[in-house]
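The next block holds one structure in the form of structure tokens; read it before the comments.
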DNA sequence: AAAACTAACTTGCATTATGATAGTCACATC
DNA sequence: GATGTGACTATCATAATGCAAGTTAGTTTT
């Protein structure tokens, strides 16, 4: 895809993790993997592709390449704060995938570390605690929105919008 | 990427929306777009690519191709329940993007539709209302997990894991 | 001290996907 | 009859991905 100059936070996310490997690499990094060959074994990815993806994740500020041994020279890839916070998106994917594509039962769940009770992840407003469902909450242009973004997200959508209104 | 047979809900999500356009198409569909040329104009995507992506989203159960006019024959792409629920992942991306890549200010925000107050989206457990942060919550293998998944997610990670434990 | 091993990559080349442009087809409207 | 619209398909150049093999800098084994 051509490089885009966009304000949309979704498009910006896609620029960073919008290929087929980056999300899986970050999933593994969030799980605790840090080394080149760990990722390679876990993902079955070709080494040249892994190199490219790791470099791009470093460039976009998701990972950091850190030398952890001088003799021999060895490197590991550590999550940056932004990369660590990508956990929220991964967990949203886990929850969504479990809701719709786990016909033979759940193979991955989120549980309370102490009690072991299964958690059911939903998005809420941190202040009010209310779930971010439609039509109670809307997506609108923010203070720094460009004219294009304003035009798009401050007017009513062309047809019934799910981001704005329940169908 | 080669077709994978995996249980991981993250990988399953990536199979469906792991290319550079699908997430943006779904973003637009969630906004309310349904027609071929609406997507084309909005995204600036080549028509042959759009055809392929729409077909793949229909195949994977995210969209439905529905004829809304017989004379002339006209079609639109409607979100399935799974596609509509993908809103949760998109909102997680919006929140994450806003937290880390909106240095010049927010261009897209989620607000209370009535009061207009800005919402701050976080993931919580729907039952207890507690935020799904580490180390209070862990990701573990579920009842339908394969041996590979069990081995991976029921044992302690190789190094400190963010999915499991705070760094 | 040579041989094998490990981690982290490159290089070369075939295959596949993407992207730009142009063209098609069934209608509808002027 | 000419032009317009919606939803594409076809062709071909460019770019990305994938596989296999090779490289480099060291460490460990025999």
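Chains as they are written, first to last, in the numbering used here: chain A, 1014 to 1180; chain B, 1014 to 1180.
Yeah, the Cβ is synthetic: ideal placement off N, Cα and C, and Gly gets one too.
Q.
Which same chain residues end up closer than 7 Å to residue 1178 of chain B when comparing Cβ atoms and leaving out the 5 residues on each side of it in sequence?
A. Confidence in residue 1178 of chain B is poor, its pLDDT being 40 and thus under 50, which makes the residue's placement too unreliable to answer from.
Q. Are the CB atoms of residue 1095 of chain B and residue 1075 of chain B nearer to each other than 8 Å?
A. Taking 8 Å as the Cβ cut-off, residue 1095 of chain B and residue 1075 of chain B qualify as a contacting pair.
**Q.** Contact set between the region 1057-1079 of chain A and chain B, restricted to residues whose Cβ is under 7 Å from the partner
**A.** When C-beta distances to chain B are compared with 7 Å, every residue of the region 1057-1079 of chain A stays at or above that value.
Q. Which of the three DSSP states, helix, strand or coil, is assigned to residue 1075 of chain B?
A. Assigned with DSSP and collapsed to three states, residue 1075 of chain B falls in coil, not helix or strand.
Q: Use the C-beta contact count for residue 1080 of chain A: other C-beta atoms within 10 angstroms, 16 or more gives buried, fewer gives exposed.
A: It counts as exposed.
**Q.** Chain-ordered neighbours of residue 1213 of chain A on chain B, where CB pairs are closer than 7 Å
**A.** Here chain A covers residues 1014 to 1180 and nothing more, so residue 1213 of chain A does not appear.
(Q) Please give the ranges of any alpha helix (DSSP H) in the region 1097-1122 of chain A, keeping only runs that are unbroken, at least 4 residues long and fully inside the region. (A) Counting whole runs of 4 or more residues, the region 1097-1122 of chain A contains the alpha helix (DSSP H) stretches 1100-1113.
Q: Go to residue 1037 of chain B, then tell me how far its beta strand (DSSP E) extends in each direction, as first and last residue.
A: No beta strand (DSSP E) holds residue 1037 of chain B; the alpha helix (DSSP H) holding it covers 1035-1044.
Q.
Output needed in chain order: residues of the region 1122-1147 of chain A with a Cβ under 7 Å from some Cβ in chain B.
A. Under the 7 Å Cβ criterion, the region 1122-1147 of chain A contributes 1122, 1123, 1124, 1125, 1126, 1132, 1133, 1134, 1135, 1136, 1137, 1138, 1139, 1140, 1142 and 1145.
(Q) Using only the alpha-carbon positions, how far apart do residue 1057 of chain A and residue 1063 of chain A sit? (A) Answer to the nearest angstrom: the Cα atoms are 10 Å apart.
Q: Return the CA-CA distance between residue 995 of chain A and residue 1029 of chain B, expressed in angstroms with no decimal places.
A: In the structure as shown, chain A begins at 1014 and stops at 1180. Residue 995 of chain A is therefore absent and cannot be evaluated.
Q | Nearest-angstrom Cα separation, counted from residue 1046 of chain B out to residue 1169 of chain A | A | Low per-residue confidence applies at residue 1169 of chain A: pLDDT is 48, beneath 50, and the placement is therefore not dependable, though the value from the model is reported in the following sentence. Rounded to the nearest angstrom, the two C-alpha atoms are 12 Å apart.
(Q) Strictly below 7 Å CB to CB, what residues from chain B border residue 1020 of chain A? (A) Neighbours of residue 1020 of chain A on chain B, chain order: 1120.
**Q.** Residue range of the beta strand (DSSP E) that includes residue 1030 of chain A
**A.** Segment 1022-1030 is the alpha helix (DSSP H) holding residue 1030 of chain A; no beta strand (DSSP E) there.
(Q) Let's see if you can read the secondary structure: which residues bound the beta strand (DSSP E) around residue 1089 of chain A? (A) That run of the beta strand (DSSP E) goes 1087-1092.
Q) Got a sec, what are the start and stop residues for the alpha helix (DSSP H) residue 1056 of chain A sits in? A) Counting along the chain, the alpha helix (DSSP H) containing residue 1056 of chain A begins and ends at 1049-1056.
Q | From A/1037, A/1033, A/1025 and A/1019, residue whose alpha carbon lies closest to that of residue 1103 of chain A | A | Nearest C-alpha to residue 1103 of chain A among A/1037, A/1033, A/1025 and A/1019: A/1037.
Q) For the candidate residues B/1156, B/1082, B/1055 and B/1053, whose alpha-carbon lies nearest to that of residue 1116 of chain A? A) Of B/1156, B/1082, B/1055 and B/1053, the residue nearest in Cα terms is B/1156.
(Q) Taking its Cβ as the centre, do 16 or more other Cβ atoms sit within 10 Å of residue 1129 of chain A, making it buried, or is it exposed? (A) Of the other Cβ atoms in all chains shown, fewer than 16 fall within 10 Å of the Cβ of residue 1129 of chain A; this residue is therefore exposed.
Q: Kindly indicate which residue of A/1145, A/1032, A/1161 and A/1054 has the alpha-carbon position closest to the one of residue 1123 of chain B.
A: The shortest C-alpha separation from residue 1123 of chain B is found at A/1145.
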